[in-house]
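Residue numbers (this note's numbering), protein chains in the order written: chain D, 483 to 883; chain U, 483 to 883.
In what follows, a structure is listed as structure tokens, so that the remarks can point back to it.
There are 2 protein chains.
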Amino acid sequence: MKVLENGTITSPSGYIASGVSCGIKKDKEAADLAFIVSEATSDCAGVFTQNLVKGHSLKYTIDCAGNGKARAILVNSGNANACVGEQGDKDAVSMAAAAAKALNCDPREVLIGSTGVIGKPLPIDKIIKGVIRAFESLSENGGHDAASAIMTTDLIKKELAVELIISGKPVRIGGIAKGSGMIHPNMATLIGLLTTDISISKTLLDKALRYSVNKSFNRITVDGDTSVCDMLLALANGRSGAHIETEDDDYIAFRDALEYVCTKLAVMIVQDGEGATKLIEIRVENAASAKDALGIALSVAKSPLVKTAFFGEDANWGRILTAAGYSGVSFDPALVDIFIGDLAVCRKGTSIRFDENKASEILKRKEISVRISLNSGKAWDRVWTCDFSYDYVKINGSYRT
Amino acid sequence: MKVLENGTITSPSGYIASGVSCGIKKDKEAADLAFIVSEATSDCAGVFTQNLVKGHSLKYTIDCAGNGKARAILVNSGNANACVGEQGDKDAVSMAAAAAKALNCDPREVLIGSTGVIGKPLPIDKIIKGVIRAFESLSENGGHDAASAIMTTDLIKKELAVELIISGKPVRIGGIAKGSGMIHPNMATLIGLLTTDISISKTLLDKALRYSVNKSFNRITVDGDTSVCDMLLALANGRSGAHIETEDDDYIAFRDALEYVCTKLAVMIVQDGEGATKLIEIRVENAASAKDALGIALSVAKSPLVKTAFFGEDANWGRILTAAGYSGVSFDPALVDIFIGDLAVCRKGTSIRFDENKASEILKRKEISVRISLNSGKAWDRVWTCDFSYDYVKINGSYRT
Numbered sequence: 483m484k485v486l487e488n489g490t491i492t493s494p495s496g497y498i499a500s501g502v503s504c505g506i507k508k509d510k511e512a513a514d515l516a517f518i519v520s521e522a523t524s525d526c527a528g529v530f531t532q533n534l535v536k537g538h539s540l541k542y543t544i545d546c547a548g549n550g551k552a553r554a555i556l557v558n559s560g561n562a563n564a565c566v567g568e569q570g571d572k573d574a575v576s577m578a579a580a581a582a583k584a585l586n587c588d589p590r591e592v593l594i595g596s597t598g599v600i601g602k603p604l605p606i607d608k609i610i611k612g613v614i615r616a617f618e619s620l621s622e623n624g625g626h627d628a629a630s631a632i633m634t635t636d637l638i639k640k641e642l643a644v645e646l647i648i649s650g651k652p653v654r655i656g657g658i659a660k661g662s663g664m665i666h667p668n669m670a671t672l673i674g675l676l677t678t679d680i681s682i683s684k685t686l687l688d689k690a691l692r693y694s695v696n697k698s699f700n701r702i703t704v705d706g707d708t709s710v711c712d713m714l715l716a717l718a719n720g721r722s723g724a725h726i727e728t729e730d731d732d733y734i735a736f737r738d739a740l741e742y743v744c745t746k747l748a749v750m751i752v753q754d755g756e757g758a759t760k761l762i763e764i765r766v767e768n769a770a771s772a773k774d775a776l777g778i779a780l781s782v783a784k785s786p787l788v789k790t791a792f793f794g795e796d797a798n799w800g801r802i803l804t805a806a807g808y809s810g811v812s813f814d815p816a817l818v819d820i821f822i823g824d825l826a827v828c829r830k831g832t833s834i835r836f837d838e839n840k841a842s843e844i845l846k847r848k849e850i851s852v853r854i855s856l857n858s859g860k861a862w863d864r865v866w867t868c869d870f871s872y873d874y875v876k877i878n879g880s881y882r883t
Numbered sequence: 483m484k485v486l487e488n489g490t491i492t493s494p495s496g497y498i499a500s501g502v503s504c505g506i507k508k509d510k511e512a513a514d515l516a517f518i519v520s521e522a523t524s525d526c527a528g529v530f531t532q533n534l535v536k537g538h539s540l541k542y543t544i545d546c547a548g549n550g551k552a553r554a555i556l557v558n559s560g561n562a563n564a565c566v567g568e569q570g571d572k573d574a575v576s577m578a579a580a581a582a583k584a585l586n587c588d589p590r591e592v593l594i595g596s597t598g599v600i601g602k603p604l605p606i607d608k609i610i611k612g613v614i615r616a617f618e619s620l621s622e623n624g625g626h627d628a629a630s631a632i633m634t635t636d637l638i639k640k641e642l643a644v645e646l647i648i649s650g651k652p653v654r655i656g657g658i659a660k661g662s663g664m665i666h667p668n669m670a671t672l673i674g675l676l677t678t679d680i681s682i683s684k685t686l687l688d689k690a691l692r693y694s695v696n697k698s699f700n701r702i703t704v705d706g707d708t709s710v711c712d713m714l715l716a717l718a719n720g721r722s723g724a725h726i727e728t729e730d731d732d733y734i735a736f737r738d739a740l741e742y743v744c745t746k747l748a749v750m751i752v753q754d755g756e757g758a759t760k761l762i763e764i765r766v767e768n769a770a771s772a773k774d775a776l777g778i779a780l781s782v783a784k785s786p787l788v789k790t791a792f793f794g795e796d797a798n799w800g801r802i803l804t805a806a807g808y809s810g811v812s813f814d815p816a817l818v819d820i821f822i823g824d825l826a827v828c829r830k831g832t833s834i835r836f837d838e839n840k841a842s843e844i845l846k847r848k849e850i851s852v853r854i855s856l857n858s859g860k861a862w863d864r865v866w867t868c869d870f871s872y873d874y875v876k877i878n879g880s881y882r883t
């Protein structure tokens, strides 16, 4: 498998995309409508937010994705389509219909998404006009523009593509994602869009996607909040000529490549977490079970006190042990070792002398790994998080108005 | 029941207290050792952190409080006694022994607490010397000094006393508390110390305390973190001459007064939450069950996105509904009404037009009530929280070093 230079969602064969501005965002020039189109009808799979409250566009897409077939994905940013009553459902249908009309396809083959402020009706007329321009702008290199157009508080574009050989044929997987705040695992988070030119059944695509999401997007947290519009969609159009029919070695290779793409995109989201200055991997090792490892990793990754300590570059391992202690997981604190980077800071649940200069040097880095060894088994898991800074407060204290 | 002017933990009869400095805190002049003594051996009850990791001083006190008898409480601030191995257990015994020696009582009748940074051994020599000065400083008006001496990142002293008449006799309940960060309900939070001069069995005192804590200290959140040293202790020395022997009307009157004191102290903690600029009551009404109401209230109260929106004085009710949606409680979003103060901002799960000026006026207040009506039952509950500001990050980014 190789990572493609400048790879994006249009890197796999048979996909075109665009990103245009239709005037939804405050900055009227900013791209806010992403359109991704497969030349042929594709198999599709998706995972969606587990939040009880679900946006209107999301509900439409959950319903359509159930058919397992899709031609296109249309996503607007700058305004969610959530909590606005019947109008929201109508607007969802209108969005999909406008795209379907341009493509001359069944509206139920257009998957849609809307992300941004909740509770404000979509400026649907602007979007419908925008669809025409988005259609006219579709190109084989349009993935980059689509990646820009789904951004909300994101500061960096998140896109990637890889290539692997299956049955002697080059197969590509490309993806774009957006998300910066309201990030926490709950089956799905944020918006992530993936394309591939392999031919694979909906069932296997779904299986590979769930496997990959579980190891990537479900292993990141920015603030513990999960949104009402989160979704991850994958399209497979078969244009590479390679097929996967059973769970053989080819499937494993494809699934692992998909996991790679998902993990890279997920980590980009944490690195670009609202106000984030550091990427922190919380790795829990030697646990009695994988569930225990994950429970502790999430509790530590989510703790505002741990996250502010990292922002302050403070080796406050007591907060790490404390967060493990209230995770609900049963373990023996007297067996716990904690490492920040390579530096042991706690042995057998007890403070040890460590070189504060070394700690300070590690904590200044942009990427930090924390290892918590429970010394009571062989299971492990990991979660990526970011630090909690002034800017998180700034960004979120004045988002809506 | 009346609230006593200038009331504190020494307002009930037969209690003396002091707060002295023994040089634990960075500010060497700051009081850091609180001593509260009952003239006679008291009945006692306590609730303690549910964190799996427990401090050494806390473990000592859990053990001793089990006897149901206590003469005194000794608490140092500026340094927790947690995660330091065997030395921590020895230091706990030494602290209690020093106080018992001064008082000429059984060391197991001295309950102790230590709060501050985790993982640093106590400066036990300083504390033992301090105990002598604390003993010499004991006075009937010493509750105020004790309230100062338990503070860590607290900005305001938290103390209160009330008086009620039971069997024709005036009975008093006094209390002090500390806590500002690492605050979240988990049976007990923070450090709270209560005294009363009623005579009541350990069993009934325990029952009244758990009832009160559940409605007060277990209904507040600052950051969702729970500490390894949290405890709430109550002493009853019988000096008022009034007795409670069964769960009669007198018991109810006493319990309700205790709940009042606990609630006032709990709300003071939220108001003084790290970086807090606003006190926010999240009230969930018309729920199918009290458990549902509490689950939603806690989820909303804990959401960083909700808390930063209040800091930014932004009527972002979408975040409130979102946090309700991921609370794990099953409810119908289409029935939900949301009010900020008296202003309806969401009806039947859908946005409504509201006066942004009125919203802005309400959001500028120091105390704000949010009502979430589920319209699916008659149960309710409430949780107090605070907003999330730059200063929370500042305080916690540089706490240890």
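Ideal Cβ placement from N, Cα and C applies to all residues, glycine included.
Given the structure is predicted, the values throughout are model-derived calculations rather than measurements.
Which residue or residues does DSSP assign as beta-bridge partners of U/Met-750? None, per the DSSP bridge assignment.
DSSP-derived helix/strand/coil call for U/Ile-680: Here U/Ile-680 sits in coil by DSSP.
Below 7 Å between beta carbons: does that hold for U/Arg-721 and U/Ser-493? no
Under the three-state DSSP convention, the category U/Glu-838 falls into: helix
Whole runs of the alpha helix (DSSP H) within the region 729 to 776 of chain D, excluding any shorter than 4 residues: For the region 729 to 776 of chain D, whole alpha helix (DSSP H) runs of length 4 or above, ordered along the chain, are 731 to 753.
Sequence-distant residues of the same chain with beta carbon closer than 7 Å to D/Ile-658, five excluded per side: Thr-490, Ile-491, Gly-625, Ala-628, Ala-629, Ile-632, Lys-640, Glu-641 and Leu-675
Counting only Cβ pairs nearer than 7 Å, list the residues of chain D close to U/Lys-660. Those within 7 Å of U/Lys-660 in chain D number zero; the least Cβ separation is about 16 Å.
Strand pairing of U/Phe-530, partner residues [DSSP]: U/Met-713
Chain D beta carbons: is any one of them nearer than 7 Å to that of U/Asn-533? yes
Between U/Gly-879 and chain D, is the shortest Cβ-Cβ distance under 7 Å, so that the two count as touching? yes
According to DSSP, simplified to helix, strand and coil, what is U/Val-782? The answer is helix: DSSP assigns U/Val-782 an H, G or I state.
Can you tell me the Cα-Cα spacing of U/Arg-864 and D/Ile-518, whole angstroms? 46 Å
Integer-rounded CB distance, given that U/Phe-530 should sit under 8 Å from U/Met-713: Yes, they are in contact, since the Cβ atoms of U/Met-713 and U/Phe-530 sit about 5 Å apart, within 8 Å.
Would you say U/Ser-833 faces chain D, with C-beta separation under 7 Å as the test? yes
Can you round the beta-carbon distance between D/Ala-463 and D/Val-566 to whole angstroms, since I take them to be within the 8 Å contact cut? In the structure as shown, chain D begins at 483 and stops at 883. Residue 463 of chain D is therefore absent and cannot be evaluated.
Using the C-alpha atoms, what's the distance from D/Leu-717 back to D/Ile-498? 13 Å
Is there at least one Cβ from chain U nearer than 7 Å to D/Pro-589's Cβ? no
What residues match up with U/Gly-657 in a beta bridge as DSSP calls it? U/Leu-642 and U/Leu-676
Could you tell me which residues DSSP pairs with D/Thr-790 in its beta bridges? According to DSSP, D/Thr-790 bridges with nothing at all.
Counting C-beta neighbours from all protein chains within 10 Å, is the total for U/Asp-837 16 or more, i.e. buried, or is it exposed? exposed
Determine which residues of the region 854 to 865 of chain D have a Cβ less than 7 Å from any Cβ of chain U, and write them out in chain order. none
What's the call for U/Pro-667, buried or exposed, on a 16-neighbour Cβ count within 10 Å? Reliability fails at U/Pro-667, whose pLDDT of 47 lies under 50, so the model's placement of it is uncertain and no value is given.
DSSP on U/Gly-595, reduced to helix/strand/coil? strand
Name, please, each residue of chain U whose Cβ falls closer than 7 Å to the Cβ of D/Pro-815. In chain order: Leu-534 and Val-535.
Give me, in chain order, the residues of the same chain whose beta-carbon lies closer than 6 Å to that of D/Pro-589; leave out the 5 immediate sequence neighbours on both sides. Ala-578, Ala-579 and Ala-582
How would you label D/Thr-671, buried or exposed, when you count the other beta carbons within 10 angstroms and need 16 or more for buried? Residue confidence is low: D/Thr-671 scores 41 on pLDDT, short of 50, so the model does not pin down where it sits. No coordinate-derived value is stated.
U/Asp-754 and U/Asp-636: beta carbons closer than 7 Å? yes
Beta-carbon of D/Tyr-542 versus every beta-carbon of chain U: anything under 7 Å? no
Cβ-based contacts, 7 Å cut-off: residues of the region 629 to 661 of chain D near chain U: none
Interface residues of chain U facing D/Asn-828 [CB-CB closer than 9 Å]: Residue 828 of chain D is actually Cys in this sequence, not Asn. Per Cβ cutoff of 9 Å: Cys-565 and Gly-601.
Out of U/Pro-603, U/Glu-849 and U/Ala-724, which has the shortest C-alpha to C-alpha gap to U/Pro-652? U/Ala-724
At a CB-CB cut-off below 8 Å, which residues of chain U make contact with D/Ile-836? It is worth fixing the name first, because residue 836 of chain D is Phe in this sequence and not Ile. Here the premise fails: no neighbours, minimum Cβ distance about 11 Å.
CA-CA distance, D/Ser-771 and D/Ser-858? 9 Å
Kindly provide the ranges of any beta strand (DSSP E) runs that are 3 or more residues long and lie completely inside the region 827 to 878 of chain D, ordered along the chain. 849 to 855 and 861 to 868
With H, G and I counted as helix, E and B as strand and the rest as coil, what does DSSP make of D/Tyr-808? coil
Counting only beta-carbon separations shorter than 7 Å, does U/Gly-800 have a partner in chain D? Taking Cβ atoms only, chain D reaches closer than 7 Å to U/Gly-800, which makes this a yes.
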